Amino acid sequence: MIPIEVENRIAKHFFHHFLPEEVMEQIIELLLPICLEINEDDMLDVDELVRQAVLIIESRLEGKSFK
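Mapping of the sequence shown onto my numbering: residues 14 to 80, in sequence order.
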């Protein structure tokens with residue numbers, strides 16, 4: 014089993030090096046305001062943020078291959 018830290022680092026590398034700039038910008042436009050508006054006492058719904066980002070990535074990269 015691959016440790017979660019290793020998986021996260023691989024995913025970060027892929028995210029920052031291979032995702033098209035316009036997709037990155039769209040994800041940032043979605044997530045940044047939500048993250049900035051959150052108070053210390055509030056909890057981010059991390060699962061929902063990830064789900065929304067994945068939907069953006071899947072819709073923008075539909076039919077494309079990285080192999």
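The beta carbon of each residue, even a glycine, is placed where N, CA and C say it ideally should be. Fair warning: this is a prediction, and the values are worked out from it, not measured in the lab.
Per DSSP, reduced to three states, the secondary structure at LEU45 is helical. Judged by DSSP secondary structure, ASP60 falls within the alpha helix (DSSP H) whose first and last residues are 59-73. Taking C-beta separations shorter than 8 Å and ignoring five residues to either side along the sequence, the partners of LEU43 in its chain run GLN65, ALA66 and ILE69, following chain order. Per DSSP, reduced to three states, the secondary structure at ASN21 is helical. Taking the Cα positions, ASN52 is about 12 Å away from PRO46.
Shown here, GLU34 sits in a helix according to DSSP, grouped into three states.
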